[in-house]
Every structure is written in C-alpha cells, then in structure tokens.
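Undergrad:
Okay, here's the thing in structure tokens:
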C-alpha cells in the first residue's frame, strides 16, 4: 500500500513542455485513472511516476519518501503496456519469472509467486506457449501476471486494453477491477476510453495539454464537470453545449442563440445581465415533450442510433447540432421534428471562458 | 492487362547478365575441373583425376586447414563482437552518428589500402611493436607477418577489423526492430543493462545473427585480398587460404583444371557450412 504525491512536476522535451506544474495526491490503495485526448501528457505522467522518464523539475513521493531521482528498477512499480511487451523468445512461464530470476530471488519464492499469479489469472493452460501462440487477451493476462509476480507497490497500466476487441475489453476490464479489489494496491491506469475511466476509477484525473482539468470521482466528473472540456470529454453521446446570453425577462434567463430561453434560477447571482454563457445539456437530461415541465423545443432528426436499452437521436436545434438519448425504442425517423423538454435541474452552466458556474458561490 | 510472357520478358535482362557472368562460368568451371587445361593447349577430359590430385596434395590440405581455421576463429568473433558495438552506438547521444561513421569507415576502405596499412602496423619497426615494447610486453620486435606462428592470426585481425562495421550496421537495423517496451519492462524489474543485452537483445537478434554467421562464413572462406597484399601466402604457406590456392594454380601455374577442381571443392564446403549455420540458428518461434 503506497500513497503517491506529485508536487510541481514538470516535463519538458527540448522546448516543449509536456507536463506543466502538476500537483496530485494519490491515496494508498486508490485506483486512479488518467484520461484525456492523445497528446495530453497522460502517458508521460505515468512514465514519470514509473521512473522511465526523468522529471525536468518537481518531486515525486512514494509514502512521503522522495523517489524523484530513484531509478525505475528501485521504485518497486510494475507496468502493463498496451503492446503487452512480452519477451517473444520466452514461454509465458518464463516471461512471468524472468524479472525475479534476473534479480536473484530464491527459486522457491519465484515458484510461489508465479503459482499465485497463475491461479489468480487462470494462466495454467498456456504457460508453456510462446507469446506468438497466444491471443491478444491471453498475452495481456500474462503481462498482468508478470506485473503481479513482482509484488510491486504500485501497478501502472498504459492503455492495456486498447489492442483488444470490444468484447474482450469488457471482460478484461472486469478482471482488472477484480484484481484491484483483491490486492488493494495503488493502481494508476491510463486510457483515452471514457468508459474504462468511468467504470474502473476510484478517482479520475482529466488531463489536457499537460495540465489537470479536474480530479474527482466518476460521479463528480460526470455530474459536476468543472469546465466545458471535461463536460464534453465524458459521456456518450457528447454533451450539448449551447451558447446564450443572460437576459432579464421578468426573471433571469439564458436566451440561447438557437432556441428558447432557459431560467437561470439559483445561478442568477453569479452572472450579470448581458453576459455570454454556455449551457451544457446531457443528451439524457431531456424528456419527451409530454413529460417535460421547463423549457421545451423542437429538434430535427438527422440520424438515429439504436443502443439496445434506448435510442440516440442526432440532429439539429436551430443552427446547432444536438444529441439526445431517450430510454425508449425508436419512435422517430430521420427528418422528423421531435418535441422535447429539458430537465432543468440537470443543466450545467459555464461562463464565457468555459468554467463552471458553481451553485455555492451564486446562492443569494 | 499484360500478356502471360510479360513477367519473363522483364526478368530476361537480369537473367541474361546473371547467366553470362555467374551461372555460365560456374558450369564451365565444373567442366574444366574434369579436364587438363593450361589456356594454351586444347583442354582434354581427365575424369576425376584433378580431384584425386587434390586429395593427395598436401598444399591443398594446408590451404583447406588454414581456411577452416579462419572460419573457426573469425566467424564467431564477427558474429558476436559487432552486437556489442551496435549496442554501444545505438544510444541516443550527441555526435553518435560520428562514431557510427568511424566504425563503418574500414568497410568502405579498399582492402588493398587496409592491407598495406596493416602491413606497416605489423612491420618490425611498425606501430604495434613500438607500442608493445613501450608497454614492456615485448623485449624485441616481432615480425608479425613473417613469423609462421603469428602470420595467419595477424591476417585474421585485418579481416575482423575491416568487417566489423558492416556487421555492426546489420545489427543496428536489428536492434531498432526490438520494441522499446521490452527493455522498459526489464528496467522496471531491476534487470541490469548487461543482462538485458544477454537475455533480451541477443535472443531477439537471432535471425540477424544467423544472417551474419552465413555472410561472414562465406567471406571467411573467400579470404584473398588480405593474404595477397600482406603475405602472399607466406611464410611457408602459413597464410595460404583456399582462394589463394585457387589463384596460385590458376594464374601462376596456369593449371586451370586443377584450380577449377579446388574452386568446386571450395563451393561445396561453403555450401555445406551455410546450410549447417542456418540449421543451427533456425528460429523456432514462428513469425508474428
């Protein structure tokens, strides 16, 4: 069990800064997911923690002990790579034990650790095969097993499921979650897949351009995104962000550029009349017209996506693209006009810079 | 789109050149090896006489032995040492390409030049003797190329020196095909750099080692220029290799039939060695 703390960590390649002044506290036993678009610095951050890259400035602490200059081999971390990184000339069994054999562990100890990993990950059937004779999923289990036998303080996963097919990804995800429950180790997991992030994480760290945009539980990240970027990054179909202006129309409203006005209610104290704001509407925060209470509007359907439990409609409201997700079978066709209403208590308001307009500061 | 004969039409020019300059001479050499021919008189068929002569000729056995010794010493060195050289210059260091170029320089230098240069190095008043005397390792200068015990090894050094850079480049290509994550995994496990090289790099380079072993075996069996320039086969035929033997019989003695028979023998030996080499190093893991 190891806590990790980053203080003022920078990583610069040449003249290009990849990680900016990063501060982050990871509690012991926590499952942390770094998520963000490609080039956001999430893999670099992981590699800095692993010791595979040197920090340009700042400190990395494991359990309050500074490991900033400690070589990777001494940090007691294990990493699982997207490419599996199994040694192709060794069998699965040899891959599992290689690191321990090379660092002079006693044979009985190695045998015991390998056996445990084999049991946990059910590897016995292909222990004597080489990676080229294993499927992608089997390779990744061996790679996870190899991390396991190291008995590391911290597990690092660098997009481990990205090379697997969809079905396998779901089952491996469940397995990694189970592994965390069983081992209770600190785990850091990098992905660009928001579903992986939402399902696995105790806390999610959303990154963009080498900076942290938000740290929070999956619930917080989804329900209370700190800014437009986080709101747009999480959730499918993507959140609708509509531009509007604050108006005093016998009460404070946002008049959207493309449709009806939305009452600002409790938020009114945080904004001035005439200010530009944007409103975030999750596709599932709408309801068919007859149930709706607040603002209602009409959407022109362009195309329809069946997702089993519900139906996603992609279309336009006024000039803006708009997406809705209804938990019912398909009732509308492309070309139809759908009348829908908003669940006003589930709306997100952002200021002109894209920062969330919080409730607390605005309550009168 | 194309008529059926089109591929053959495209192949014809290359096949013609290979046919006239490679295949045809090989067939003619095979035919000459069954005859007595001195380039002036008409050749006449003598059956296996030339091969019988070979077997009974102590100079042929001497040359064969020298060539085999060459093979046994030079091939393992040229197959393994360049790996370490390649690992060394595979780092990302400022100016590393200068080192790569320097190591490759002997490869592009004419063997005649290399041979002459090393001949000077080996002279009794040459650099090597000077250094060894200064270090107190020698009391009096050694004529490295004129001493029977050292002459063949002195020539081998030149072959190794001039071939190293070439094989280094082959291994460099091999190294760059090894995924970085393999080393990173080992690094995280605390495996030392040296052990990474032994247990990851070398096994991963197996197909490249096979290639280098075959190429360098063939090269070792064909050694000629170094010998011709530096020792001319001497002293006491100590540096006479198979190709040098063929050259002597063909172009000094004009005994073409005999030289051809020796050439065919050389071909057979090289061929067998290459097959042996490839079998020894055959990669058992199927390609991904």
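Residue numbers (the numbering used here), protein chains in the order written: chain V, 98 to 461; chain W, 238 to 525.
Backbone N, C-alpha and C define an ideal beta-carbon position, used for all residues, glycine too.
Given the structure is predicted, the values throughout are model-derived calculations rather than measurements.
#1: I'd like to know whether the C-beta of residue 171 of chain V is nearer than 8 Å to at least one C-beta of chain W.
#2: Would residue 413 of chain W be called buried (16 or more neighbouring beta carbons within 10 Å of its own) or exposed?
#3: When you compare each of V:265, V:371, V:411, V:323 to residue 398 of chain V by their alpha carbons, which one comes out closest?
#4: Does the Cβ of residue 282 of chain V have 16 or more other Cβ atoms within 10 Å, making it buried, or fewer, making it exposed?
#5: Which partner residues does residue 131 of chain V have in the DSSP bridge list?
#6: Only counting the same chain, and skipping five residues up and downstream in sequence, which positions put a Cβ closer than 7 Å to that of residue 451 of chain W?
#7: Helix or strand or just coil, what does DSSP make of residue 145 of chain V?
#8: From the DSSP output, in three-state form, read off residue 234 of chain V for me.
#9: Closer than 8 Å, CB to CB, is residue 243 of chain W near chain V or not?
#10: Cβ closer than 7 Å: which chain V residues qualify as neighbours of residue 449 of chain W?
#11: Please state whether DSSP places residue 459 of chain V in a helix, a strand or coil.
#12: Can you list, in chain order, the residues of its chain whose CB lies under 8 Å from that of residue 206 of chain V, leaving out five sequence neighbours each side?
#13: Using a Cβ distance threshold of 8 Å, determine whether the region 159-170 of chain V contacts the region 228-244 of chain V, with at least three qualifying pairs required.
#14: Tell whether a beta-carbon distance below 8 Å holds between residue 226 of chain V and residue 274 of chain V.
#15: Would you check whether the ligand GTP has a heavy atom nearer than 7 Å to the C-beta of residue 484 of chain W?
#16: Please determine if the region 279-293 of chain V and the region 251-261 of chain V are in contact, where contact requires at least 3 C-beta pairs separated by less than 8 Å.
#17: Closest to residue 308 of chain V by CA distance: which of V:114, V:100, V:98, V:99 is it?
#18: Can you find the residues in the same chain that come closer than 6 Å, C-beta to C-beta, to residue 400 of chain W, ignoring five residues on each side of it along the sequence?
#19: On the three-state DSSP scale, how would you describe residue 360 of chain W?
#20: Compare the C-beta of residue 473 of chain W against all C-beta atoms of chain V and say whether one is closer than 8 Å.
#21: Anyone know if the C-beta pair for residue 300 of chain W and residue 479 of chain W falls short of 8 Å?
#22: State the CB to CB distance for the pair residue 270 of chain V and residue 293 of chain V, rounded to an integer number of angstroms; the pair is presumed to be in contact (CB under 8 Å).
#23: Grab me the residues of residue 133 of chain V's own chain with a C-beta within less than 8 Å of its C-beta, minus the 5 sequence neighbours each way, in chain order.
#24: In three-state terms, what does DSSP make of residue 346 of chain W?
#25: Could one say the Cβ of residue 403 of chain W lies closer than 8 Å to chain V's Cβ atoms, at least one of them?
#26: Under the rule that 16 or more other beta-carbon atoms within 10 Å means buried, what is residue 457 of chain V, buried or exposed?
#27: Can you find a C-beta in chain W that's less than 8 Å from the C-beta of residue 186 of chain V?
#28: Give a yes or no on whether 8 Å exceeds the smallest Cβ distance from residue 427 of chain W to chain C.
#29: Assign residue 445 of chain V to buried or exposed, taking buried as 16 or more other Cβ atoms, counted over all protein chains shown, within 10 Å of its Cβ.
#30: Would you say the region 265-283 of chain W touches the region 477-497 of chain W, given that touching needs at least three Cβ pairs under 8 Å?
#31: Please classify residue 417 of chain W: does DSSP put it in a helix, a strand, or coil?
#32: Which bits of chain W does residue 196 of chain V rub up against, with CB to CB less than 9 Å?
#33: Assuming residue 208 of chain V and residue 193 of chain V are in contact, meaning their beta carbons sit under 8 Å apart, how far apart are those beta carbons, in whole angstroms?
#34: Could you list which residues in chain V have their beta carbon closer than 7 Å to that of residue 513 of chain W, in chain order?
#35: Would you grab the beta carbon distance between residue 483 of chain W and residue 500 of chain W for me? Rounded to a whole angstrom, and I think it's under 8 Å.
#36: Hey, how far is the Cα of residue 411 of chain W from the Cα of residue 326 of chain W?
TA: Reading it off the structure:
#1: Position 74 of the first chain, counting from 1, holds the residue named residue 171 of chain V. Yes, residue 171 of chain V counts as interfacial toward chain W.
#2: Position 176 of the second chain, counting from 1, holds the residue named residue 413 of chain W. Residue 413 of chain W should be labelled exposed.
#3: Here residue 398 of chain V refers to the residue found at position 301 of the first chain. Nearest option by C-alpha distance: V:411.
#4: Start at 1 with the first residue of the first chain, and residue 282 of chain V comes out as number 185. Buried, since its Cβ has 16 or more Cβ neighbours within 10 Å.
#5: Walking along the first chain from the start, residue 131 of chain V turns up at place 34. In DSSP, residue 131 of chain V forms a bridge with V:287, V:302.
#6: Indexing the second chain from 1 puts residue 451 of chain W at position 214. Answer for residue 451 of chain W: 511, 514, 515, listed in chain order.
#7: Sequence index remark: in the first chain, residue 145 of chain V carries index 48 (1-based). Here residue 145 of chain V sits in helix by DSSP.
#8: As a first step, residue 234 of chain V must be located in the first chain, where it is residue number 137. Note: residue 234 of chain V maps to helix in three-state DSSP.
#9: Taking the second chain and counting its residues from 1, one reaches residue 243 of chain W at position 6. At a cut-off of 8 Å between beta-carbon atoms, residue 243 of chain W makes no contact with chain V.
#10: For the purposes of this step, residue 449 of chain W is taken as residue 212 along the second chain, with counting starting at 1. Within 7 Å Cβ-Cβ: nothing; residue 449 of chain W doesn't reach chain V, min ~18 Å.
#11: Position 362 of the first chain, counted from the start, is the residue given in the question as residue 459 of chain V. Because the pLDDT of residue 459 of chain V is 39, which lies under 50, any placement of that residue in the model is unreliable, and the number read from its coordinates should be weighed accordingly. In the structure shown, residue 459 of chain V sits in a helix (DSSP, three-state: H, G or I).
#12: Translated into the one-based positions of the first chain, residue 206 of chain V becomes position 109. Answer for residue 206 of chain V: 197, listed in chain order.
#13: no
#14: Residue numbering aside, residue 226 of chain V sits at position 129 when the first chain is read from its first letter. Residue numbering aside, residue 274 of chain V sits at position 177 when the first chain is read from its first letter. Pairing residue 226 of chain V with residue 274 of chain V gives a Cβ-Cβ distance that is not under 8 Å.
#15: Among the components modelled here there is no ligand, and therefore nothing to report on the ligand GTP.
#16: yes
#17: Numbered from 1 along the first chain, position 211 holds the residue referred to as residue 308 of chain V. Closest option to residue 308 of chain V, Cα to Cα, is V:114.
#18: Position 163 of the second chain, counting from 1, holds the residue named residue 400 of chain W. 315.
#19: Position 123 of the second chain, counting from 1, holds the residue named residue 360 of chain W. In this structure, residue 360 of chain W counts as coil in the three-state DSSP scheme.
#20: As a working note, residue 473 of chain W is residue 236 in the second chain. It does not; no Cβ of chain V falls within 8 Å.
#21: Residue numbering aside, residue 300 of chain W sits at position 63 when the second chain is read from its first letter. Residue numbering aside, residue 479 of chain W sits at position 242 when the second chain is read from its first letter. Yes, the pair counts as a contact, with Cβ atoms nearer than the cut-off.
#22: Position 173 of the first chain holds residue 270 of chain V. Position 196 of the first chain holds residue 293 of chain V. About 6 Å; that satisfies the 8 Å criterion.
#23: Residue 133 of chain V sits at position 36 when you count from the first residue of the first chain. For residue 133 of chain V, where only same-chain residues beyond five positions count, the Cβ hits under 8 Å are 139, 289, 303, 304, 305, 310, 330.
#24: Translated into positions along the second chain, residue 346 of chain W becomes position 109. Three-state DSSP puts residue 346 of chain W in coil, outside helix and strand.
#25: Here residue 403 of chain W corresponds to residue number 166 of the second chain, with the count starting at 1. Cβ-Cβ to chain V under 8 Å: no for residue 403 of chain W.
#26: Counting from 1 along the first chain, the entry for residue 457 of chain V is found at position 360. Here residue 457 of chain V scores only 38 on pLDDT, less than 50, and its place in the model is too uncertain to base an answer on.
#27: Residue 186 of chain V sits at position 89 when you count from the first residue of the first chain. With 8 Å as the cut-off, residue 186 of chain V counts as an interface residue toward chain W.
#28: Reference to chain C is not applicable here, since the protein chains of this structure are V and W.
#29: Sequence index remark: in the first chain, residue 445 of chain V carries index 348 (1-based). Answer is buried; the Cβ neighbour count reaches 16.
#30: yes
#31: Taking the first residue of the second chain as position 1, residue 417 of chain W is located at position 180. Reduced to three states, the DSSP call for residue 417 of chain W is helix.
#32: Stepping through the first chain from its first residue, residue 196 of chain V is reached at position 99. Per Cβ cutoff of 9 Å: 422, 423, 425, 426, 427, 428.
#33: Position 111 of the first chain, counted from the start, is the residue given in the question as residue 208 of chain V. Position 96 of the first chain, counted from the start, is the residue given in the question as residue 193 of chain V. Their Cβ separation, rounded to whole angstroms, is 10 Å, which puts residue 208 of chain V and residue 193 of chain V out of contact at 8 Å.
#34: Here residue 513 of chain W refers to the residue found at position 276 of the second chain. In chain order: nothing, as chain V lies at least about 22 Å away.
#35: Position 246 of the second chain holds residue 483 of chain W. Position 263 of the second chain holds residue 500 of chain W. By a beta-carbon distance limit of 8 Å, residue 483 of chain W contacts residue 500 of chain W. Their separation comes to about 5 Å.
#36: Sequence index remark: in the second chain, residue 411 of chain W carries index 174 (1-based). Sequence index remark: in the second chain, residue 326 of chain W carries index 89 (1-based). Computed Cα separation, rounded: 13 Å.
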